[in-house]
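Residue numbers (this note's numbering): 2 to 548.
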Amino acid sequence: MKLSDIEKALDPVILKRGMGYLNYENLKSVKKENNQLYRFVIKGSEVYTLHVALEEDKDTIFDTACTCPYNKGPYCKHQVAAFLYIRLKQDQAVEKKQEKLLCGIFSKLDRGQLINILLILFKRYPSERDKFIGTFHKSTKKKALPDKELITDMIDTAKGDGEFIAYYDTLDLTDDLQNLLELINEADESYEKLATLIFFYKEATQLIDCCDDSGGSVGTLLDSILDVLSNALTATIFSDKLEQLKLMRELRKTLSHPVFRSWTDYGSQLLSIFLSRLENIEVRAEFIALIDYMIDQLNPLEKDIMLPRLLLIKAAVFKAYEKEDDYLEFLNRHKALATIRQSLMHHLLEKNAFRQVLNQLEEMAKAGENIHTPNLLEIAYEAHRGLGNHYDLIQNAVKLILLGKVAYYEQTKDIISDKEAFYYTVKQALKEELPNVHVVNTLKQILLIEEDKNELLELVKVNPSLIVELAGTLKETDEDETADLFKAYILESADSFSGRKEYQQLAQMIVYFGQLFGTEAREEVIVEVKETYPRKKALIDELGKVS
Numbered sequence: 002m003k004l005s006d007i008e009k010a011l012d013p014v015i016l017k018r019g020m021g022y023l024n025y026e027n028l029k030s031v032k033k034e035n036n037q038l039y040r041f042v043i044k045g046s047e048v049y050t051l052h053v054a055l056e057e058d059k060d061t062i063f064d065t066a067c068t069c070p071y072n073k074g075p076y077c078k079h080q081v082a083a084f085l086y087i088r089l090k091q092d093q094a095v096e097k098k099q100e101k102l103l104c105g106i107f108s109k110l111d112r113g114q115l116i117n118i119l120l121i122l123f124k125r126y127p128s129e130r131d132k133f134i135g136t137f138h139k140s141t142k143k144k145a146l147p148d149k150e151l152i153t154d155m156i157d158t159a160k161g162d163g164e165f166i167a168y169y170d171t172l173d174l175t176d177d178l179q180n181l182l183e184l185i186n187e188a189d190e191s192y193e194k195l196a197t198l199i200f201f202y203k204e205a206t207q208l209i210d211c212c213d214d215s216g217g218s219v220g221t222l223l224d225s226i227l228d229v230l231s232n233a234l235t236a237t238i239f240s241d242k243l244e245q246l247k248l249m250r251e252l253r254k255t256l257s258h259p260v261f262r263s264w265t266d267y268g269s270q271l272l273s274i275f276l277s278r279l280e281n282i283e284v285r286a287e288f289i290a291l292i293d294y295m296i297d298q299l300n301p302l303e304k305d306i307m308l309p310r311l312l313l314i315k316a317a318v319f320k321a322y323e324k325e326d327d328y329l330e331f332l333n334r335h336k337a338l339a340t341i342r343q344s345l346m347h348h349l350l351e352k353n354a355f356r357q358v359l360n361q362l363e364e365m366a367k368a369g370e371n372i373h374t375p376n377l378l379e380i381a382y383e384a385h386r387g388l389g390n391h392y393d394l395i396q397n398a399v400k401l402i403l404l405g406k407v408a409y410y411e412q413t414k415d416i417i418s419d420k421e422a423f424y425y426t427v428k429q430a431l432k433e434e435l436p437n438v439h440v441v442n443t444l445k446q447i448l449l450i451e452e453d454k455n456e457l458l459e460l461v462k463v464n465p466s467l468i469v470e471l472a473g474t475l476k477e478t479d480e481d482e483t484a485d486l487f488k489a490y491i492l493e494s495a496d497s498f499s500g501r502k503e504y505q506q507l508a509q510m511i512v513y514f515g516q517l518f519g520t521e522a523r524e525e526v527i528v529e530v531k532e533t534y535p536r537k538k539a540l541i542d543e544l545g546k547v548s
């Protein structure tokens, strides 16, 4: 594969994950051995090492390997991040050479020639023109607000003659739109700025249906628009309520657009932004009327998802601006919806109305509803805690711990008096659910909290893969047995592993074994593996690198 063909050659999902690793700076170290060989240390769920070797053209990948366990495709996300990093550095080197060349050319041109070049470029790239003017034009104190038409012009230009925007063109377009958003953000706060941002959000939402957004740049743009809109809304001083009402009508017009029937979630996110500016009763009434309008427009398929979301926004209005009795009346009227009932119970918890919370849960149980979901168990836990019902508190804590919420173990231990009995109860409840892999991990965490190394040793015996993580801890309890368990797991892995990546993982495991139990023990394991699997040439090759 060539670095220049990454986007075409790789699965979009693994490409996106690799981009994420590069964007979020998971590359911890990069060593460039020469122009064709790179070594990386990458932090994921663990720390992995990898190398990339290029052919003489510095584009074709000659050899690469990563120590992570991924085996569902030719390259893992860590390797993709490394490929993208190398290509980025190569592009930057080319750009640097081009910049040096341009500087040499510009130095030979006169002022008039430079101005003509800029005018030609700005005619072709109007967003860069506006950014240039916004940066260097100092004759006015106010920063100009870019025209709405500039948004549609940029999108229409990207579409060209067709109606679909390809992957790279999408990246270029969203980059240009982000630059335009910066200009809008820098403009003075005003009604016009808010209206422009609402319009911008609608136009950007429409891009979802007409472009290849496998890189996620449209979603990022939408989030950025909402951030800018939220800040601008907070900072804007309206001249009067009429201006606010006008903005509400603009919002209603926007949310009536067909795109928000397809992408209802984006519409509710836009709506939520305005919760902070509903102090005026008439503006508030207009906002609630808009929510009611959106609810009326929902079809039966949309109601399951969107009705609770819209009612939660409406509930937020009542909570922030109306009397508490009105808020409670609204929640009780709509508590048939699970999310609204949970909001009701959270409000009752805030008011220390713990008995009323338990009454709500009892009503749900009588109606045949499931009250053992994580959210409802957490609510019940807080209610029992508030009432000092330690028996029920422990029962709920155990249920939550069985769901993997280990924080409730230490939290409950701090409250109750008989800590040993609680530990025993939790331990036995978890053991009854074995060998569920999630329960194994939870039990391991509880045993580590309690520093119960004997129980940890027993857990490792029936879950051998845990030995790699726990060997350092268990060595202090029984070094010989820990070494035997670790060695047995290495031999078992040598039998089941296949492929260069897994063999590299096994070699790293043996290195760690040697660090714990000494060089002699390590060499004995290596000899045994080689003698047992003489035909696994790649494995023997990797073992030869262990030192």
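Every residue, glycine too, gets a C-beta built ideally from N, C-alpha and C. Nothing here was measured: the structure is a model prediction, and the numbers come from that model.
(Q) Just to confirm before moving on: does the CB-CB distance between Y39 and V53 stay below 8 Å? (A) Indexing the sequence shown from 1 puts residue 39 at position 38. Indexing the sequence shown from 1 puts residue 53 at position 52. Yes, they are a contact pair.
Q: For K33, collect the residues of the same chain with a Cβ closer than 6 Å to its Cβ; drop the 5 residues on either side in sequence, then sort them by chain order.
A: Here the question's residue 33 lines up with position 32 in the sequence shown. Beyond the five residues adjoining it in sequence on each side, K33 comes within less than 6 Å, by CB distance, of Y39 in the same chain, given in chain order.
**Q.** Option in L208, L172, S108 and R250 with minimal Cα separation from A286
**A.** Translated into positions along the sequence shown, residue 286 becomes position 285. Of L208, L172, S108 and R250, the residue nearest in Cα terms is R250.
Q) When you compare only the Cα positions, how much space is there between K73 and Y86? A) Within the sequence shown, residue 73 is the residue found at index 72, counting from 1. Within the sequence shown, residue 86 is the residue found at index 85, counting from 1. Looking at the two C-alpha atoms, the distance is approximately 22 Å.
**Q.** Distance between L11 and S494 (C-alpha atoms, nearest Å)
**A.** Counting from 1 along the sequence shown, the entry for residue 494 is found at position 493. Counting from 1 along the sequence shown, the entry for residue 11 is found at position 10. If I take the Cα positions, the gap works out to 30 Å.
Q) Can you tell which of K17, G389 and A83 has its C-alpha closest to the C-alpha of S574? A) The structure shown does not extend to residue 574, since the chain is modelled only from 2 through 548, so no value can be given for it.
Q.
Please give me, in chain order, every unbroken run of the alpha helix (DSSP H) with length at least 4 that falls completely inside the segment 114–164.
A. The qualifying runs are 127–137 and 149–160.
**Q.** Other residues of its chain near T474: CB distance less than 8 Å, five sequence neighbours each side excluded
**A.** Position 473 of the sequence shown, counted from the start, is the residue given in the question as residue 474. Around T474: L449, K454 and L457.
Q.
Could you tell me the alpha carbon to alpha carbon distance between H373 and A422, rounded to whole angstroms?
A. Sequence index remark: in the sequence shown, residue 373 carries index 372 (1-based). Sequence index remark: in the sequence shown, residue 422 carries index 421 (1-based). Rounded to the nearest angstrom, the two C-alpha atoms are 23 Å apart.
Q | V81, buried or exposed, once every other Cβ within 10 Å from all chains shown has been counted against 16 | A | Your numbering for residue 81 matches position 80 in the sequence shown. V81 comes out buried.
Q) Which residues mark the beginning and the end of the beta strand (DSSP E) in which T65 is found? A) On the sequence shown, position 64 is the one that residue 65 refers to. Segment I62 to C67, the beta strand (DSSP E) holding T65.
Q. Since R262 is in the alpha helix (DSSP H), which residue starts that stretch and which ends it?
A. Translated into positions along the sequence shown, residue 262 becomes position 261. Counted as a single uninterrupted DSSP element, the alpha helix (DSSP H) harbouring R262 occupies residues V260 to S263.
Q) Grouping DSSP H, G and I as helix and E and B as strand, with all else coil, what is Y71? A) For this step, residue 71 is matched to residue 70 along the sequence shown. Y71: coil per DSSP, three-state reduction.
Q | DSSP state of V526 mapped onto helix, strand, coil | A | The count along the sequence shown starts at 1 and reaches residue 526 at position 525. Note: V526 maps to helix in three-state DSSP.
Q: Please work out which residues of its chain come closer than 6 Å, Cβ to Cβ, to R18, disregarding the five sequence neighbours upstream and downstream, and give them in chain order.
A: Position 17 of the sequence shown, counted from the start, is the residue given in the question as residue 18. Within its own chain, the residues whose Cβ lies closer than 6 Å to the Cβ of R18, once the five positions on either side in sequence are excluded, are K78, listed in chain order.
Q: Kindly indicate the opening and closing residues of the beta strand (DSSP E) around K462.
A: Here residue 462 refers to the residue found at position 461 when the sequence shown is read from its first residue. Unbroken run through K462 is the alpha helix (DSSP H), K454 to V463; no beta strand (DSSP E).
Q.
the ligand HEM and Y39: does any heavy atom of the ligand fall closer than 7 Å to the residue's C-beta?
A. Looking at this structure, you won't find the ligand HEM or any other ligand, since it has none at all.
Q: Say whether the segment 276–286 touches the segment 245–261, bearing in mind that this needs 3 or more beta-carbon pairs closer than 8 Å, one atom from each stretch.
A: Contact between the segment 276–286 and the segment 245–261 is present, because at least three Cβ pairs lie under 8 Å.
Q: Report the partner residues of Y39 according to the DSSP bridge assignment.
A: Numbered from 1 along the sequence shown, position 38 holds the residue referred to as residue 39. BP columns for Y39 point to K33 and V53.
**Q.** Residues near P535 by beta carbon distance below 7 Å, same chain, minus five either side
**A.** The residue you call residue 535 lines up with position 534 of the sequence shown. So the list is empty, once near-sequence residues are dropped.
Q.
Quick check: the segment 223–240 against the segment 180–198, are at least 3 beta-carbon pairs closer than 8 Å?
A. Two segments are said to touch when three or more pairs of C-beta atoms, one from each, lie closer than 8 Å; by this definition the segment 180–198 touches the segment 223–240.
Q: Work out the CA separation of Q505 and I541 for me, nearest whole Å.
A: Taking the sequence shown and counting its residues from 1, one reaches residue 541 at position 540. Taking the sequence shown and counting its residues from 1, one reaches residue 505 at position 504. Near 10 Å, if we compare the C-alpha coordinates of Q505 and I541.
**Q.** Inter-stretch contact at 8 Å, needing at least 3 Cβ pairs: the segment 484–493 / the segment 48–66
**A.** Because the criterion of three Cβ pairs below 8 Å is not met, the segment 484–493 and the segment 48–66 do not touch.
Q: May I ask you to list the residues that DSSP assigns as paired with K3?
A: Numbered from its first residue, the sequence shown carries residue 3 at position 2. When DSSP reads this structure, K3 sits in a beta bridge with T61.
Q: With DSSP collapsed to three states, give me the class of I77.
A: For the purposes of this step, residue 77 is taken as the residue at position 76 of the sequence shown. It is Cys, not Ile, that sits at residue 77 in the sequence shown. In the structure shown, C77 adopts coil according to DSSP, grouped into three states.
Q: Kindly indicate which three-state DSSP category I416 falls into: helix, strand or coil?
A: On the sequence shown, residue 416 is found 415 positions in, with the first residue counted as 1. Look at I416 here: in three-state DSSP terms it is coil, with no helix or strand label.
Q.
Whole angstroms are fine: how far does the CA of L435 sit from the CA of I199?
A. Working through the sequence shown from its first residue, we reach residue 199 at position 198. Working through the sequence shown from its first residue, we reach residue 435 at position 434. One C-alpha to the other measures close to 53 Å.
Q. CB-CB under 6 Å to F527, same chain, minus the five flanking residues each way: which ones, in chain order?
A. Within the sequence shown, the letter at position 526 stands for residue 527. For the record, residue 527 in the displayed sequence is Ile; it is not Phe. Closer than 6 Å at the Cβ level, and outside the excluded window around I527, lie L544.
Q. Is the distance from the Cβ of N333 to the Cβ of L345 below 8 Å?
A. Here residue 333 is taken as the residue at index 332 of the sequence shown, counted from 1. Here residue 345 is taken as the residue at index 344 of the sequence shown, counted from 1. Yes, the Cβ-Cβ distance between N333 and L345 is below 8 Å.
**Q.** C-alpha distance - L4 paired with R88, whole-angstrom precision
**A.** Against the sequence shown, residue 4 aligns to sequence position 3. Against the sequence shown, residue 88 aligns to sequence position 87. Approximately 6 Å between the Cα atoms of the pair.
Q.
Buried or exposed, going by whether 16 or more other CB atoms sit within 10 Å of the CB of A384?
A. On the sequence shown, position 383 is the one that residue 384 refers to. So A384 counts as buried.
Q: Could you check what DSSP says for I372 in three-state terms: helix, strand or coil?
A: Here the question's residue 372 lines up with position 371 in the sequence shown. Coil.
(Q) In whole angstroms, give me the CA-to-CA distance for K139 and I226. (A) As a position in the sequence shown, residue 139 is number 138, starting the count at 1. As a position in the sequence shown, residue 226 is number 225, starting the count at 1. Caution is warranted here: a pLDDT of 48 is assigned to K139, below 50, making its placement in the model unreliable, and the coordinate value is therefore given only provisionally. Looking at the two C-alpha atoms, the distance is approximately 26 Å.
**Q.** Residue range of the alpha helix (DSSP H) that includes L230
**A.** The count along the sequence shown starts at 1 and reaches residue 230 at position 229. Residues S218 to A236.
Q | Neighbourhood of Q207 by C-beta, 6 Å cutoff - its chain only, sequence neighbours within 5 removed | A | Sequence index remark: in the sequence shown, residue 207 carries index 206 (1-based). So the qualifying residues of the chain are V260.
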